[in-house]
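> Supplied in structure tokens, the structure appears directly below.
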Amino acid sequence: MIAILGVKAQNPEKKEQDSVYIDEIEKQAPVKILHAEPLYIDLIRDLGARKGEKEWNVGFGITDRSVYDEYEALVEYEWAPLDRLGLEVELPFSIYPSGMNGNAPSSKLNSLKIAGQYSFFVSEKFNTSMAIGYIHELELTEFVNYGTEQLFTGNVYNPFYIVAKRWGSNFHSLLYTGPQFLHHFSNGLVETNWQINSNFHYMISGTRNFIGIELNKNVGTDYFDMTIRPQMRLGIMDNLLIGIVAGVPISRDNERFSTFLRLIYEPGHRK
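Per the working numbering, numbering through the sequence shown is continuous, rising by one, with the last residue being 1434.
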């Protein structure tokens, strides 16, 4: 795969190519550092976002959950109304093929999801950005219960922190972490867990293409889950990219192999 994408020993021509491309991204006002963004747990908007940026995402995935298959889909829109501030609205769906297994849950629109993210630290000297943000999800019942049961079933409160660093011209690391509080309306209980998502990517010289790995960790009071997600992003056109992700859980009790595709469209993007 690396050979196909053209990753080879760095030479002066490629270093110059990297430098020119990075300058095109960063040497505008306000300062913005080029970072590789994870594809599965993506950011609300680019770190150091500039006013007027916007992006549409459409995602589709399949997960083998041992006794049934789960299809996931999402539509999201993100934009920057102010410099360094990103906002997002998302509709995530879970779909379970009918008649496949009596134990399969019912399909549903999981939640109405809104989020905000502010980059409070952007450093050219250290090629580092930091941000804080908040995601709020209003959870919904299954489609089959519409009109017969309570439509909204709970809230999810998720503050988070992000720190990202580019090492040289090509290597990128990013940490995305925060607590998640799940408030169930039916019984008033609140569950708490921590999400710790670490990411490492190599961006191909002079392009927006990358290969990398995303480590999604979920930590509760009596459990630890991690899914390893190798991934790559390819530019199809100047303003259109596709992300391809595979998922391999460290524990296969409830989940096996998964795949996920993300189509990214940036209206008005200029390289």
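Where a beta carbon is used, it is the ideal one built from N, C-alpha and C, also for glycine.
Predicted model, so just to flag it, every value in this text is computed and none were measured.
Take W1219 as the anchor and find which of E1233, I1225, A1243, T1226 has the nearest alpha-carbon.
Within the sequence shown, the letter at position 56 stands for residue 1219. Of E1233, I1225, A1243, T1226, the residue nearest in Cα terms is A1243.
> Buried or exposed: R1415, going by 16 or more other Cβ atoms within 10 Å of its Cβ?
What you label residue 1415 is simply residue 252 of the sequence shown in a count that begins at 1. So R1415 counts as exposed.
> Quick check: what's the CA-CA separation for P1342 versus G1331?
As a working note, residue 1342 is residue 179 in the sequence shown. As a working note, residue 1331 is residue 168 in the sequence shown. Cα to Cα, P1342 sits roughly 31 Å from G1331.
> Would you call I1413 buried or exposed, if buried means 16 or more other Cβ atoms sit within 10 Å of its Cβ?
Within the sequence shown, numbered from 1, the residue matching residue 1413 stands at position 250. The residue is exposed, with fewer than 16 neighbouring Cβ atoms inside 10 Å.
> Kindly indicate which three-state DSSP category V1194 falls into: helix, strand or coil?
Residue mapping note: residue 1194 aligns to position 31 of the sequence shown, counting from 1. Here V1194 sits in coil by DSSP.
> With a cut-off of 8 Å, do at least 3 Cβ pairs link the region 1284-1300 to the region 1220-1236?
Contact between the region 1284-1300 and the region 1220-1236 is absent, because fewer than three Cβ pairs lie under 8 Å.
> What residue does the beta strand (DSSP E) around V1307 start on, and which one ends it?
As a first step, residue 1307 must be located in the sequence shown, where it is residue number 144. From DSSP, V1307 is part of no beta strand (DSSP E); its letter is neither H nor E.
> Tell me which same chain residues have a C-beta within less than 8 Å of the C-beta of T1355, skipping the five on either side of it?
Looking up residue 1355 in the sequence shown gives position 192. Excluding positions up to five away in sequence, the list reads P1342, Q1343, F1344, L1345, G1383, T1384.
> In three-state DSSP terms, what is T1355?
Taking the first residue of the sequence shown as 1, we reach residue 1355 at position 192. Note: T1355 maps to strand in three-state DSSP.
> DSSP three-state label for A1199, please.
Here residue 1199 refers to the residue found at position 36 when the sequence shown is read from its first residue. In the structure shown, A1199 sits in coil (DSSP, three-state: anything other than H, G, I, E or B).
> Mapping the DSSP letters down to three states, classify D1227 as helix, strand or coil.
Residue 1227 sits at position 64 when you count from the first residue of the sequence shown. In this structure, D1227 counts as strand in the three-state DSSP scheme.
> Are the beta-carbon atoms of H1364 and A1212 separated by less than 8 Å?
Here residue 1364 is taken as the residue at index 201 of the sequence shown, counted from 1. Here residue 1212 is taken as the residue at index 49 of the sequence shown, counted from 1. For H1364 and A1212, no; Cβs fall outside 8 Å.
> Three Cβ pairs or more, each shorter than 8 Å: is that satisfied between the region 1247-1256 and the region 1231-1239?
Because the criterion of three Cβ pairs below 8 Å is met, the region 1247-1256 and the region 1231-1239 touch.
> Going by other Cβ atoms of all chains shown within 10 Å of its Cβ, with 16 needed for buried, is E1287 buried or exposed?
Counted from its first residue, the sequence shown places residue 1287 at position 124. So E1287 ends up on the exposed side.
> Report back the beta-carbon spacing between F1348 and G1317 to the nearest angstrom; my notes put them in contact at under 8 Å.
Within the sequence shown, residue 1348 is the residue found at index 185, counting from 1. Within the sequence shown, residue 1317 is the residue found at index 154, counting from 1. Correct: roughly 5 Å between the Cβ atoms.
> Is N1379 buried or exposed, if buried means 16 or more other CB atoms sit within 10 Å of its CB?
Residue mapping note: residue 1379 aligns to position 216 of the sequence shown, counting from 1. By the 10 Å Cβ count, N1379 comes out buried.
> Out of E1305, L1301, V1326, which has the shortest C-alpha to C-alpha gap to V1285?
As a first step, residue 1285 must be located in the sequence shown, where it is residue number 122. With distances taken between Cα atoms, V1285 lies closest to V1326.
> Go to V1422, then tell me how far its beta strand (DSSP E) extends in each direction, as first and last residue.
By one-based count along the sequence shown, residue 1422 stands at place 259. Looking at the sequence itself, residue 1422 is Thr, so the reference to Val does not match. Element bounds for T1422: 1421-1428.
> Taking 7 Å as the limit between beta carbons, can you name the residues of its chain near N1266, skipping five residues before and five after?
Here residue 1266 corresponds to residue number 103 of the sequence shown, with the count starting at 1. Correct list, in chain order: V1230, Y1231.
> Alpha carbon to alpha carbon, how far is T1304 from N1273? Give it in angstroms, no decimals.
Locating residue 1273 in the sequence shown gives position 110, counting from the first residue. Locating residue 1304 in the sequence shown gives position 141, counting from the first residue. Straight-line Cα distance between these residues: approximately 8 Å.
> Helix, strand or coil for Y1386? Go by DSSP, reduced to three states.
By 1-based counting over the sequence shown, the position of residue 1386 is 223. Coil at Y1386, not helix or strand.
> Taking DSSP as the reference, what is the three-state secondary structure of Y1339?
The sequence position of residue 1339 within the sequence shown is 176, counting from 1. Strand.
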